[in-house]
Amino acid sequence: MKEQNKMGFWGIVLLGINGIIGSGIFLLPSNGYKLFGPASALTLVFDGLLALSIALCFAECSGLFEENGGPLVYTTQAFGNFVGFEVGFVTWAIRIIAEGTIYVGFATALAGIFPALNSTLAKNVIVTILAVFLAALNISGVRNTSVANNIITVAKLVPILMVAIIGVFAIHAANFHPFFIPKLTTSSNFANASMTMFYIFTGFESLTVAASEMKNPERNLPRAMILTMTAVVIIYLLVMVACIGVLGAQLTNSTVPLQDTLKKVVGPWGGTVVAIGTLLSIGGICIGSSFVTPRSGSALAEHKMMPAVLSKRNAKNAPYVAIIVSTTISLLLAYSGTFNTLAQISAVSRFAQYIPTCLAVIVFRRTRPNQERVFKLPLGWTIPIMAVIVSLWLLFKTPVVNLIWGLGALVIAVPFYFLMKHQNSSL
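Per the working numbering, residue 842 is the first one in the sequence shown, and the count goes up by one each step.
Structure representation (structure tokens):
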């Protein structure tokens, strides 16, 4: 790629911010507050530092390989085919879990506008209609457009920035006292809140995979990532502080905290603006997820890592079998829980990619010491080791049920590995 066509510093920053800020911030502040009170704002700083540490590990690994593939490539090269297969399989599972989570997020946001829809039956009906409609749209061969993506980006950021900027001028200091609520201030609650809120930081890994398409990545990538994570943490902190400062204890029972916050500050029109922005944002993410998720499954089949039937395409070149399978599993997950629960499960599942990638940095330092790196982490092994330790601590503190749901794909992948190895000796 010509140097003038590569992405500059600010392009990297904006790409990172857009990739990270998603549906979670619209709905999760109330859950963080419920678990850790006003001090839940601290979990955002904690999560931001952890996400940055993991992202820097991704950055070093991505600079070692020209081919795309991300964690699948890193872990296969570092630990062999079995671990690589596990991570590749989990990548599809992560996207399926995220898709089910986003569907429930859309239903939750819609119920915030129309309270009559605030029931399990209504949620299940909404997610079914949405999932089936998007599956049909994908099978018909309709693709996303960049124009729609730009509209979604604006729709996503406007209400968030409105709450962050307007809300902080209407906070009541009394809502932050006591900052640490004694009955909530435990390590388990902090870890539980941190794991749930970590969902709003996922997406950072996409920034590091395209290091070769950036100008001067050795200098620009780490600086851009630090600035990106700093900007995201500041935006999230302003939103969280606004929600706590305006709603106080009412935040505990709010299913649409940003909407309720702006509604209380400026009146019904503020809530309406946030509601529309929330639906457009989450709806757009649903469209994107419904397109990408099944193609992750079909890509595995094309690489002989899953049964060939998943790669079957119709006359419109849509991977219809993978679409049906992905949609069905996403729906079952969506039926099983609330947005808050699924968000934590989705966050847990990501660590099946994150931890092996951090460990791969250490392996490559030993096995490829002389290979030229686009970016090299400072402080030796310190950052990857700390990222792994903190990640394992969060997983250790996660409720067992959510841990099983989030990491269950690792177990499910084992028989598929031996099945595909029998059919493909290169595995």
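Yeah, the Cβ is synthetic: ideal placement off N, Cα and C, and Gly gets one too.
Give the range of the alpha helix (DSSP H) segment to which residue i is assigned.
| i | result |
| --- | --- |
| glycine 953 | 922-954 |
| isoleucine 895 | 882-903 |
| leucine 1151 | Note, leucine 1151: premise wrong, no alpha helix (DSSP H); not H, not E. |
| asparagine 1211 | Unbroken run through asparagine 1211: none, as it is neither H nor E. |
| proline 1135 | 1109-1143 |
| threonine 1179 | Run containing threonine 1179: none; DSSP gives neither H nor E here. |
| tryptophan 1234 | 1223-1238 |
Buried or exposed for residue i, going by 16 or more other Cβ atoms inside 10 Å?
| i | result |
| --- | --- |
| glutamine 1194 | buried |
| lysine 964 | buried |
| glutamate 901 | buried |
| serine 987 | Model confidence at serine 987 stands at a pLDDT of 49, short of 50, so the residue's coordinates are unreliable; what they give is reported in the following sentence. With fewer than 16 other Cβ atoms within 10 Å, it is exposed. |
| glutamine 1185 | buried |
| serine 871 | buried |
| serine 1171 | buried |
| serine 1232 | buried |
| lysine 1153 | exposed |
| proline 1019 | exposed |
Helix, strand or coil for residue i? Go by DSSP, reduced to three states.
| i | result |
| --- | --- |
| leucine 800 | With the chain running from 842 to 1268 in the structure shown, residue 800 is simply not present. |
| methionine 1261 | helix |
| phenylalanine 1020 | coil |
| phenylalanine 1216 | coil |
| lysine 875 | helix |
| serine 987 | Note that serine 987 scores 49 on pLDDT, short of 50, meaning its location in the model is unreliable; the coordinates nonetheless yield the value given after this. Helix at serine 987. |
| leucine 830 | Limits of the chain in this structure are 842 at one end and 1268 at the other, which puts residue 830 out of reach. |
| phenylalanine 906 | coil |
| arginine 1206 | helix |
| glycine 1044 | coil |
| leucine 1025 | coil |
| leucine 869 | coil |
| asparagine 1030 | helix |
| asparagine 1158 | coil |
| threonine 916 | helix |
| glycine 863 | coil |
| isoleucine 826 | Given that the chain is displayed from residue 842 to residue 1268, the structure contains no residue 826 and the question cannot be resolved. |
| lysine 1056 | coil |
| isoleucine 1245 | helix |
| glycine 982 | coil |
| valine 973 | helix |
| isoleucine 858 | helix |
| glycine 1089 | helix |
Report the CB separation of residue i from residue j in whole angstroms; it is logged as a contact under 8 Å.
| i | j | result |
| --- | --- | --- |
| isoleucine 970 | serine 1190 | Between serine 1190 and isoleucine 970 the Cβ distance is about 25 Å, and since that is not below 8 Å, they are no contact. |
| leucine 868 | phenylalanine 1205 | Not really, about 38 Å apart at Cβ, beyond 8 Å. |
| threonine 1134 | isoleucine 937 | 6 Å |
| alanine 1083 | glutamine 1100 | Alanine 1083 to glutamine 1100, Cβ: 12 Å. No contact. |
Measuring from the CB of residue i, is there a heavy atom of the ligand FAD at a distance below 7 Å?
| i | result |
| --- | --- |
| leucine 893 | You won't find the ligand FAD in this model; it holds no ligand whatsoever. |
Open item on the list: Quick test of the definition: if touching needs 3 or more C-beta pairs under 8 Å, does the stretch 881-901 touch the stretch 1100-1113?
Closed with: no
Task: Stretch-stretch touch, CB-based, cutoff 8 Å, three pairs: the stretch 1134-1145 with the stretch 1162-1170 - done: yes
Open item on the list: Count Cβ pairs between the stretch 856-867 and the stretch 1071-1082 that sit closer than 8 Å; are there 3 or more?
Closed with: yes
Open item on the list: Across the stretch 1076-1096 and the stretch 914-925, are there enough close Cβ pairs to call them in contact, namely three or more that are closer than 8 Å?
Closed with: no
- [ ] Determine, using beta-carbon pairs with one atom in the stretch 1136-1156 and one in the stretch 1246-1262, whether at least three such pairs fall under 8 Å.
- [x] yes
- [ ] Spell out a yes or no on whether the stretch 1198-1217 and the stretch 1235-1254 are touching, meaning 3 or more CB-CB pairs, one atom from each, closer than 8 Å.
- [x] no
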